[in-house]
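First comes the structure, then the notes that go with it.
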Amino acid sequence: MTSQSPKILILYASYGDGHYQASKAVEASLRSRGVTDITLLDLMAEAHPLINGLTKFVYMQSFKTIPGLYGWVYNATKQMPQEAPLLEVINSFGMNKLQQTLQQTQPNLIIHTFPQLAMPRLLKRTGQSLPMANIITDFDLHGRWIHSGVDRYYVATEDLKAEMVSRGIPEERIRVSGIPVKPEFHLQHPDRQECLTGPLQELFVKNHTNNKTTILLMAGAYGSMQGVREVIERFMALEHYRVIAVCGRNHELYRALHEQLPPHPDVHLLEYVEQVAALMQQCDCIVTKPGGITLSEALACRLPVFVYRPVPGQELNNARYLAQKGVACITRTPAELTEEIDALFQDPHRLTKLRQKIENLRRPEAAEVIADDILEQWFAPKQAELVLS
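Numbering-wise (full-length UniProt numbering), the sequence shown opens with residue 1 and increments by one.
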């Protein structure tokens with residue numbers, strides 16, 4: 001670290017919570033290394049709140065109502081070059097807000113955790129020069145992430161690096177770091193139950209002698225009752241499983257499940273949970289939507305992943321990649337989901353092999369790797385004069 005602390009601007013978007021969580025994980029790692037001047041900016045929300053709200057609504061509704069169309073658009077545009085007219089339009093949003101933020105914060109480095117790349121366009125227009133790093137938050141590569149003005153890419157896997165090289169990115173610009181998650185997802189406590197507080201602690205203390213396989217069902221991620229109740233009912237019919245269903249901020253789903261499911265000692269319904277890491281570490285597998293951050297959190301906690309009805313696009317592609325690596329299972333119906341989970345936990349040899357595959361794929365210290373690499377690349381003493389001048 002130099003005598004002058006770096007100033008870093010992290011640009012993210014609130015299309016889901018993952019990009020923000022990745023930004024916070026990297027911010028925390030940088031701060032733990034002495035970097036204090038860090039600004040996080042949700043560019044579209046700040047620059048164009050009405051457009052941001054509309055596009056978020058359309059994005060979420062397309063997931064729910066016309067997922068096939070969303071997936072087609074995503075895959076049809078994967079190979080777009082940076083000069084494609086559509087990307088030129090997308091990357092033009094937010095430039096005035098960016099210029100204002102640059103004047104206010106005077107950063108030495110720009111980090112993107114979402115592919116809204118207005119910054120290269122702005123720097124070209126103003127003649128400024130700033131190093132830029134992209135943290136790709138999926139196991140799948142879309143052309144929106146790639147730009148000749150980006151100096152460093154942080155990617156989830158060696159396969160992703162190879163794909164980027166095949167698309168013309170110099171190998172030396174790419175670092176296989178993993179997708180950043182907060183440290184609590186991989187820092188193991190000697191007594192994991194001590195990390196829990198409130199209702200979660202009560203839940204696990206009350207059931208401390210219960211040695212049943214615990215399934216974490218991220219029910220709120222699915223947005224509706226469709227299939228969730230049947231999944232829970234199928235596990236209720238089995239004797240050797242416990243289900244923890246997290247409804248998140250979906251209060252309607254939580255109320256509906258409470259009303260429609262009979263009380264059962266092995267079914268626990270929760271609303272929003274702050275201590276997701278501690279909860280994951282108490283469970284044996286997870287059923288979730290395959291966002292890049294959530295998948296990385298699950299792998300960090302060494303959880304087998306079951307994906308239920310993934311939406312075409314980056315989520316389905318994420319799920320397919322992890323399924324290809326043998327650490328995730330894609331299912332389409334409640335019956336298939338329960339059968340696959342039951343088959344895994346009834347086969348100790350298969351479970352052991354799967355856990356070894358998780359160990360080979362997980363990169364739980366990605367945020368720390370990224371922070372160290374950033375400081376070495378741009379803020380080590382030999383680089384300080386170039387970057388901080």
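Using N, Cα and C, we set each Cβ at its ideal position, and we do this for glycine too.
Self-check item: 8 angstroms contact criterion, which asparagine 360 and aspartate 140 should meet: CB distance rounded
Solution: 19 angstroms between Cβ atoms; not a contact.
Exercise. Locate the alpha helix (DSSP H) running through threonine 294, then write down its first and last residues.
Key: Counting along the chain, the unbroken alpha helix (DSSP H) around threonine 294 starts and ends at 292-300.
Quiz item: Near tyrosine 15, what residues of its chain come up, given a Cβ to Cβ distance below 7 angstroms and the 5 sequence neighbours on each side ignored?
Solution: If we look at tyrosine 15 and ignore the five residues flanking it on each side, its Cβ neighbours are Lys56, Tyr59.
Exercise. Could you name the residues that DSSP lists as bridge partners for methionine 132?
Key: Ile110, per the DSSP bridge assignment.
Quiz item: Taking C-alpha atoms, which residue in Asp37, Arg309, Val327, Leu295 lies nearest to glycine 18?
Solution: That would be Leu295, whose Cα lies nearest to the Cα of glycine 18.
Quiz item: Which same chain residues, not among the five before or five after glutamate 163, have their C-beta less than 8 angstroms away from its C-beta?
Solution: Excluding sequence neighbours, glutamate 163 sits near Leu141.
Quiz item: What are the start and end residues of the beta strand (DSSP E) that includes phenylalanine 306?
Solution: 305-308 is the span of the beta strand (DSSP E), which, as asked, contains phenylalanine 306.
Quiz prompt | Three-state secondary structure assigned by DSSP to aspartate 342 | solution = For aspartate 342, the three-state secondary structure derived from DSSP is helix.
Quiz item: From tyrosine 74 to arginine 309, what does the alpha carbon distance come to, in whole angstroms?
Solution: Approximately 17 angstroms between the Cα atoms of the pair.
Quiz item: Are the beta-carbon atoms belonging to serine 29 and alanine 237 less than 8 angstroms from one another?
Solution: Result no, Cβ atoms of serine 29 and alanine 237 do not sit closer than 8 angstroms.
Quiz item: Touching or not, the region 65-73 and the region 89-104, by the rule of three or more beta carbon pairs under 8 angstroms?
Solution: Contact between the region 65-73 and the region 89-104 is absent, because fewer than three Cβ pairs lie under 8 angstroms.
Quiz item: Looking at methionine 80 and glycine 143, is the spacing between their C-beta atoms short of 8 angstroms?
Solution: Cβ atoms of glycine 143 and methionine 80: closer than 8 angstroms.
Quiz item: Are the region 212-223 and the region 277-289 in contact at 8 angstroms, needing three or more beta carbon pairs?
Solution: Judged by Cβ distances under 8 angstroms, the region 212-223 makes contact with the region 277-289, as three or more pairs qualify.
Quiz item: Using DSSP with H/G/I as helix, E/B as strand and the rest coil, what is lysine 37?
Solution: The amino acid at residue 37 is misidentified as lysine; the sequence shows aspartate. Three-state result, aspartate 37: strand.
Self-check item: CB contact flag (aspartate 42, lysine 7, <8 angstroms)
Solution: Result no, Cβ atoms of aspartate 42 and lysine 7 do not sit closer than 8 angstroms.
Quiz item: Roughly how far, in whole angstroms, is the beta-carbon of lysine 212 from the beta-carbon of aspartate 266, given that I think they are within contact range, below 8 angstroms?
Solution: Taking a contact as a CB-CB distance under 8 angstroms, the pair lysine 212 and aspartate 266 counts as one, their CB atoms being some 6 angstroms apart.
Practice problem: Work out the CA separation of alanine 380 and glutamine 61 for me, nearest whole Å. | Solution: Cα to Cα, glutamine 61 sits roughly 46 angstroms from alanine 380.
Quiz prompt | Where tyrosine 254 falls: helix, strand or coil (DSSP) | solution = Assigned with DSSP and collapsed to three states, tyrosine 254 falls in helix.
Quiz prompt | In chain order, each beta strand (DSSP E) run of at least 3 residues that lies wholly inside the region 18-105 | solution = The DSSP assignment places 37-42 as complete runs of the beta strand (DSSP E) inside the region 18-105, in order along the chain (cut-off: 3 residues).
Quiz item: What's the C-alpha gap between leucine 86 and leucine 11?
Solution: The C-alpha of leucine 86 lies about 20 angstroms from the C-alpha of leucine 11.
Exercise. Work out the CA separation of valine 181 and glutamate 158 for me, nearest whole Å.
Key: In a straight line, the C-alpha of glutamate 158 is about 18 angstroms away from that of valine 181.
Quiz prompt | Alpha-carbon to alpha-carbon, serine 129 and glutamate 336 | solution = Looking at the backbone, the Cα of glutamate 336 and that of serine 129 are separated by about 53 angstroms.
Quiz item: With 16 as the cutoff for other CB atoms within 10 Å, does arginine 152 come out buried or exposed?
Solution: Arginine 152 is buried by the Cβ-count criterion.
Quiz item: Bridge partners of tyrosine 241, per DSSP?
Solution: Under the DSSP definition of a beta bridge, tyrosine 241 partners with Thr213.
Quiz item: By a C-beta neighbour count over all protein chains shown, 10 Å radius and 16 as the cutoff for buried, is leucine 187 buried or exposed?
Solution: Note on leucine 187: under 16 other CB atoms within 10 angstroms of its CB, so exposed under the neighbour-count rule.
Exercise. Rounded to whole angstroms, what's the CA-CA distance from valine 369 to glutamine 104? Just pull it up for me.
Key: Rounded to whole angstroms, valine 369 to glutamine 104 spans 29 angstroms at the Cα level.
Practice problem: Kindly indicate the opening and closing residues of the beta strand (DSSP E) around methionine 175. | Solution: Reading off the sequence, residue 175 comes out as arginine, not methionine. Its beta strand (DSSP E) spans residues 174-176.
Practice problem: Reducing DSSP to helix, strand and coil, say where tyrosine 321 ends up. | Solution: Looking at tyrosine 321 - three-state DSSP - the assignment turns out to be helix.
Quiz item: Going by alpha carbons, who is nearest to serine 177 out of Ser166, Phe185, Leu160, Pro170?
Solution: The candidate whose alpha carbon is nearest that of serine 177 is Leu160.
Quiz item: Going by Cα to Cα distance, which pick from Leu299, His264, Gln282, Glu339 is closest to proline 364?
Solution: Checked all of Leu299, His264, Gln282, Glu339; the closest Cα to proline 364 is Leu299.
Exercise. Round the Cβ separation of asparagine 91 and leucine 54 to the nearest angstrom and send it over; I've been treating them as touching at under 8 angstroms.
Key: Their Cβ separation, rounded to whole angstroms, is 18 angstroms, which puts asparagine 91 and leucine 54 out of contact at 8 angstroms.
Quiz item: So what does DSSP say about leucine 354, is it helix, strand or coil?
Solution: Helix.
Quiz prompt | For threonine 126, three-class secondary structure by DSSP | solution = Three-state result, threonine 126: helix.
Exercise. Go ahead and label asparagine 96 buried or exposed: buried means 16 or more other beta carbons lie within 10 angstroms of its beta carbon, across all protein chains shown.
Key: Looking at its Cβ environment, which holds fewer than 16 other Cβ atoms inside 10 Å, asparagine 96 is exposed.
Quiz item: With distances taken from CA atoms, which of Phe235, Leu270, Arg242 is nearest histidine 251?
Solution: Minimum Cα distance to histidine 251 is reached at Leu270.
Quiz prompt | Residues of its chain near proline 67, where Cβ-Cβ distance is below 7 angstroms and the 5 sequence neighbours each way are ignored | solution = Cβ contact annotation for proline 67 (same chain, cutoff 7 angstroms, sequence separation greater than five): Val311, Pro312, in chain order.
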